[in-house]
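Just so you know, the sequence shown maps onto residues 1 to 399 in my numbering.
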Amino acid sequence: MKKLFLLFLSVILLAGCSIKNNGVKEITFWTLQMGDFAPYINKIIEDYELEHKNIKIKWIDVPFSEGEKRTLAAVMTDCPPDLINLNPDFSALLAQKGTLWEIDADKLVGYNQEIINALKYNDKIYSIPWYATSAITIYNKDLFKKSGIIREPKTYQELASVSEKIKTATGAYSYLPTITENDTMIKILNKYGISEIEDYNSKESIKVFEMFKKLYQNGLIPPETITMTHREALEQYMAGKIIFYQGGANFLNMIKENAPKIYAQTDVLEQIKGPVGQNDFSVMNFVIPQKALHKEEALDFCLYLTNEENQLKLAKMTNVIATNSNALRDEFYNDYSNLTAKSRSLSAKQINKINPQIKQRENQKEINLVINTAVQSVLLNKDSIENILNDAVSTLDNK
1 MKKLFLLFLS VILLAGCSIK NNGVKEITFW TLQMGDFAPY INKIIEDYEL EHKNIKIKWI
61 DVPFSEGEKR TLAAVMTDCP PDLINLNPDF SALLAQKGTL WEIDADKLVG YNQEIINALK
121 YNDKIYSIPW YATSAITIYN KDLFKKSGII REPKTYQELA SVSEKIKTAT GAYSYLPTIT
181 ENDTMIKILN KYGISEIEDY NSKESIKVFE MFKKLYQNGL IPPETITMTH REALEQYMAG
241 KIIFYQGGAN FLNMIKENAP KIYAQTDVLE QIKGPVGQND FSVMNFVIPQ KALHKEEALD
301 FCLYLTNEEN QLKLAKMTNV IATNSNALRD EFYNDYSNLT AKSRSLSAKQ INKINPQIKQ
361 RENQKEINLV INTAVQSVLL NKDSIENILN DAVSTLDNK
């Protein structure tokens, strides 16, 4: 209880009720671990304050690991921050609890509408997108050429169908699908048009599980598939043990630094898809608490922070993708002159096809755990796929 009280007290002190001195309104603005970009953010604040003499922006950068619990404590007070940087999953949870201010859709027409639609909760908008990422397929072009396969696989089914030929010709695995990590399997099912709990044991779902089971039991994907994370899969790629790796463009720098010989053999493709054809993506957004004292002013500052010019500046300093429609059409995202530029341009184009997206539920972590346990049971052949998935759906229904 003492720790909880101290956390609650620290949040109140951090947030602080927005005050008005001589007609100046103070807008409290939280970001998640953006301290490395202090010059960029401070310049935006400086420019905004020059244009808005009645506004003072108070910026607080919160450690990523502290973001959710500090935000939850803050929105329970009568003086939360006016603008908070969060991920969509936690934003949706706060929207479910009625703690966020609804944003007029007309204010967000300048943003990529696929992203806006993905962020909606109950067909209402409670968040403003800031920046996005969308994984691409990193692959060893030399090993792929050695496999004798002419056309690069674009779907999970195509990748599965060439895995045996790849293994025979190169000795390497086609890829290491981290299907028991977080919500990876749920995202794959979504690419097959399976997004509702009651469909997780459908005929189409059984086919997807069966595809991975055959790969695993025939030794065409590594045995570590059952436990490894994407970071460990990256190590396998850098060791030349797998040909295809799906991840963010930021991993190219890691390959370049840690495995320069592999990097010299590396090229990139669009991410692996399912029959629905959409792409996975991640986005960071801003929310405005319902109890914030200066909601309109916070929204105005947020729209300035995330406008075309400012998003492009951030994108050019990092590997993130803009969410502003005009920024996405900039020549910066039509550059294929080198591997990094090509990855960035592919990721940006993928943002235009991301729906339908799965909607995060309040107990999403429990759902992930049940599905990941089912994946392990299927791969280890503990029971028939149908029985395992029926049990999983029953468990989820009971929860």
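Note that beta-carbon positions come from the ideal geometry of N, C-alpha and C, so glycine has one too.
Predicted model, so just to flag it, every value in this text is computed and none were measured.
Helix, strand or coil for residue i per DSSP?
i, result
"SER337", "coil"
"THR168", "helix"
"GLN357", "coil"
"TYR126", "coil"
"TYR173", "strand"
"PHE281", "coil"
"LYS291", "coil"
"ILE197", "helix"
"ILE221", "coil"
"ALA298", "helix"
"ILE321", "strand"
"LYS97", "coil"
"LYS382", "coil"
"ALA132", "strand"
Could you check if residue i is buried or exposed, using at least 16 other CB atoms within 10 Å of its CB as the buried criterion?
i, result
"GLN410", "Only positions 1 to 399 of the chain appear in this structure, which leaves residue 410 out of reach."
"VAL162", "buried"
"ALA264", "exposed"
"LYS399", "exposed"
"MET317", "exposed"
"ASP280", "buried"
"PHE29", "buried"
"ASN218", "exposed"
"LEU299", "buried"
"LEU9", "Here the model assigns LEU9 a pLDDT of 47, short of 50, so the residue's position is not dependable and the matter cannot be decided."
"VAL411", "An answer regarding residue 411 cannot be provided, because it is not within the stretch 1 to 399 covered by the chain."
"ASN112", "buried"
"ILE385", "buried"
"GLY247", "buried"
"LYS273", "buried"
"ILE57", "buried"
"GLU102", "exposed"
"ILE150", "exposed"
"THR168", "exposed"
Sort the options by Cα distance to residue i and report the nearest one.
i, options, result
"LYS382", "LYS213, LYS97 and ASP47", "LYS213"
"ASN352", "THR133, LYS359, GLU196 and PRO275", "THR133"
"THR155", "THR170, MET185, THR178 and LYS191", "LYS191"
"VAL287", "ASN54, GLU51 and SER127", "SER127"
"SER65", "PHE301, LEU86, LYS56 and HIS52", "LEU86"
"GLN157", "ASP89, ASN363 and LYS207", "LYS207"
"ILE116", "ASN324, ASN372 and LEU389", "ASN324"
"ILE255", "LEU303, ASP104 and GLU235", "GLU235"
"TYR237", "TRP130, ALA172, GLN290 and TYR200", "ALA172"
"LYS124", "GLY35, ASN368, LYS165 and LYS107", "LYS107"
"LEU215", "GLU181, GLU164 and LYS203", "GLU164"
"MET284", "GLY23, LYS25, ASN22 and THR31", "THR31"
"SER174", "ASN140, TYR200 and GLY98", "ASN140"
"ASN54", "THR373, PHE301 and ALA105", "PHE301"
"LEU94", "SER202, PRO289 and TRP130", "PRO289"
"TYR200", "THR395, ALA169 and LEU389", "LEU389"
"LEU303", "LEU83, GLU204 and ASN250", "LEU83"
Which two residues bound the contiguous alpha helix (DSSP H) that contains residue i?
i, result
"LYS365", "364-379"
"VAL208", "203-217"
"MET76", "Element bounds for MET76: n/a, residue is neither H nor E."
"MET185", "184-190"
"LYS58", "From DSSP, LYS58 is part of no alpha helix (DSSP H) but of the beta strand (DSSP E) over 55-62."
"PRO39", "38-51"
"ASN250", "Element bounds for ASN250: n/a, residue is neither H nor E."
"LYS154", "Neither: LYS154 is in no alpha helix (DSSP H) and is coded neither H nor E."
"TYR121", "It is not in any alpha helix (DSSP H) - TYR121 carries neither H nor E in the DSSP assignment."
"LEU234", "230-238"
The beta strand (DSSP E) spanning residue i covers which residue range?
i, result
"GLN246", "242-247"
"ASN85", "83-86"
"THR395", "Where THR395 is concerned, there is no enclosing beta strand (DSSP E), although the alpha helix (DSSP H) it sits in stretches over 385-398."
"GLU26", "24-32"
"ASP267", "266-269"
"TYR139", "136-140"
Pair every Cβ in the region 237-244 with every Cβ in the region 127-146, then say whether three or more of these pairs are closer than 8 Å. As far as the Cβ criterion goes, the region 237-244 touches the region 127-146, which means the pair count is three or higher.
Contact between the region 261-276 and the region 335-344 (3+ Cβ pairs under 8 Å): In short, these stretches touch, since the Cβ pair count reaches three.
Using 8 Å as the cut-off, can you tell me whether the region 305-316 makes contact with the region 222-232, which would need three or more C-beta pairs spanning the two stretches below that distance? Contact fails: fewer than three Cβ-Cβ distances are below 8 Å.
Touching by the beta-carbon criterion (3+ pairs, under 8 Å), the region 355-364 and the region 171-191: Touching, per the Cβ criterion.
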